[in-house]
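Enquirer:
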Amino acid sequence: MNTLEQPKKGTYPAFYSTYINLVSGNDYESQLIDQVDSLLKLFQEKEDGWVEKPYAEGKWTPKEVLGHVIDTERIMTFRALCFARGEKSSLPGFDQDPYVLNARFGNVPIEHLLADFQAQRKALLSMIRILPEDSLDLVGTANGAPITPRALFWIIPGHFEHHMNIFKERY
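Here the sequence shown is numbered in numbering that gives the first Met the number 0, starting from 0 and rising by one per residue.
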């Protein structure tokens, strides 16, 4: 596997520092695997029906949050693949709220969402293992800003940690 050290500042928009700063160390693969385990444990420990209840009116349910995490990881992974392959076209941003609304995650059994999350993480790790090391620092443009595949890969576990913290604090 690529070493996948954390990205240097300036290789991603400052906004993403919030997520990247939530992740420490450079053992990327172990972090992704540990996150899968912690998510499964969290969902197993909660009472029946928990996945259907938002913590406040107008907020997402845990199923919707999990679906949002999966969607975001897929989008970040796609962007990273494009830029690692030398894509020069600018990729669009995405509005998370319509994505969650249109996905109808409330109709999906939680077991399917958890399995989908695990599959996404396996696919991510598989892809990273075959990328040439020097492709990790190629620069592409997403949502109007320059960013590298390395940065996109590190946003993934940081974004996950952000939502795990919300699960623990509010749900």
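Note that the Cβ used here is the ideal one computed from N, Cα and C, for glycine as well.
Counting pairs of beta carbons, one from the stretch 82-91 and one from the stretch 109-118, are three or more of them closer than 8 Å?
Expert: In short, these stretches do not touch, since the Cβ pair count stays below three.
Enquirer: Do arginine 149 and aspartate 185 have their beta-carbon atoms positioned less than 8 Å apart in this structure?
Expert: For residue 185 there is no data in the structure shown, the boundaries of the chain being 0 and 170.
Enquirer: Buried or exposed for proline 131, going by 16 or more other Cβ atoms inside 10 Å?
Expert: Classification for proline 131: exposed.
Enquirer: Bridge partners for alanine 141 per DSSP, in chain order?
Expert: Its beta-bridge partners are Leu90 and Ala144.
Enquirer: Tell me, to the nearest whole angstrom, how far the beta carbon of isoleucine 69 is from that of phenylalanine 93; I am working on the premise that it is less than 8 Å.
Expert: Rounded, the Cβ-Cβ distance is 13 Å, inconsistent with contact.
Enquirer: Can we say the stretch 16-34 touches the stretch 52-71, given the rule of at least three CB pairs closer than 8 Å?
Expert: Verdict: no, contact absent.
Enquirer: Mind checking whether histidine 158 and tyrosine 18 have CB atoms under 8 Å apart?
Expert: Taking 8 Å as the Cβ cut-off, histidine 158 and tyrosine 18 qualify as a contacting pair.
Enquirer: Residues in its own chain within less than 6 Å of proline 145 by CB, not counting five upstream and five downstream?
Expert: Within the same chain, proline 145 has close Cβ partners Val138.
Enquirer: Start and end of the alpha helix (DSSP H) containing lysine 62?
Expert: Residues 61-83.
Enquirer: Mind checking isoleucine 129: buried by the 16 CB within 10 Å criterion, or exposed?
Expert: It is exposed - the Cβ of isoleucine 129 has fewer than 16 other Cβ atoms within 10 Å.
Enquirer: Comparing alpha-carbon positions, which option in Lys7, Asn101, Ala118 and Gly143 lies nearest isoleucine 32?
Expert: It is Ala118.
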